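Reviewing the structure listed below.
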Amino acid sequence: MDKKESKRQLVAMLESGRSKTEIFKTLSGGEVKDRVLAYWIGAYADPALCQRHSGKIKTLLFLIIVQALLGAVFGFFLGSMIGPGATVFFTLFAAGVPLLFAWGFYRNVAQAYTIYVILSLSQFPRMFQGFEEDPLLTLVGAGITLGMVFFVAYLKTLLFPDLGFLGSKKVKGHYVFSS
Numbered sequence: 000m001d002k003k004e005s006k007r008q009l010v011a012m013l014e015s016g017r018s019k020t021e022i023f024k025t026l027s028g029g030e031v032k033d034r035v036l037a038y039w040i041g042a043y044a045d046p047a048l049c050q051r052h053s054g055k056i057k058t059l060l061f062l063i064i065v066q067a068l069l070g071a072v073f074g075f076f077l078g079s080m081i082g083p084g085a086t087v088f089f090t091l092f093a094a095g096v097p098l099l100f101a102w103g104f105y106r107n108v109a110q111a112y113t114i115y116v117i118l119s120l121s122q123f124p125r126m127f128q129g130f131e132e133d134p135l136l137t138l139v140g141a142g143i144t145l146g147m148v149f150f151v152a153y154l155k156t157l158l159f160p161d162l163g164f165l166g167s168k169k170v171k172g173h174y175v176f177s178s
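For what it's worth, numbering that gives the first Met the number 0 labels the leading residue of the sequence shown as 0, then goes sequentially.
Now the structure itself:
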């Protein structure tokens with residue numbers, strides 16, 4: 000059985016309501032590595048969890064869309080100082096990246112949550128470059144960014160309880176699942 004067929008079988012088993020631990024035991028040892036199989040199981044968006052936390056997901060989508068609009072405005076003004084081609088590029092780029100994350104959050108893709116947290120935290124030190132000129136605005140921006148990062152990470156733990164920060168959860172060398 001190839002990877003695509005394994006993934007289809009896994010999704011069918013999850014949608015039928017079988018236990019994640021049982022599915023892992025059934026499919027492990029095949030062509031797909033156990034690490035990958037455990038990640039696929041953990042990254043499956045359980046419809047019940049998505050429904051239970053739909054209000055939080057909608058709040059996150061609203062915040063990301065606001066972030067995209069603000070990015071488009073700042074991108075427009077930054078690009079207009081450079082030239083007309085830069086105006087279009089910066090506006091589309093500054094709005095497009097958050098909208099791609101919004102699409103991933105809307106579709107409940109676990110990787111979107113992880114990548115958002117990693118990218119946001121990797122840019123965090125750059126936020127303090129203008130601290131000497133305007134410390135209050137810098138601290139407010141850093142606080143908003145940290146709040147968004149923690150909210151996204153918190154929502155990821157609610158929607159994907161079987162995933163750790165970067166991969167599947169392991170206890171004493173064995174993959175563990177919530178059901």
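We put the CB at the ideal spot given by N, CA and C, even for glycine. Keep in mind the model is a prediction, meaning the values are calculated, not measured.
At a Cβ-Cβ threshold of 9 Å, A109 and L48 do not count as neighbours. The DSSP assignment places 83 to 105 as complete runs of the alpha helix (DSSP H) inside the stretch 68 to 117, in order along the chain (cut-off: 4 residues). Going by C-alpha positions, G70 is about 29 Å away from A44.
Beta-bridge analysis with DSSP links K169 to Y174. Under DSSP, no beta-bridge partner is assigned to L138. Residue pairing for L162: DSSP places it in a beta bridge opposite S167.
R34 carries a helical assignment under DSSP once its states are collapsed to helix, strand and coil. Taking C-alpha positions only, I40 is separated from T137 by approximately 40 Å. Annotated three-state conformation of Y153 is helix, per DSSP.
When secondary structure is reduced to three states using DSSP, E21 falls in the helix class.
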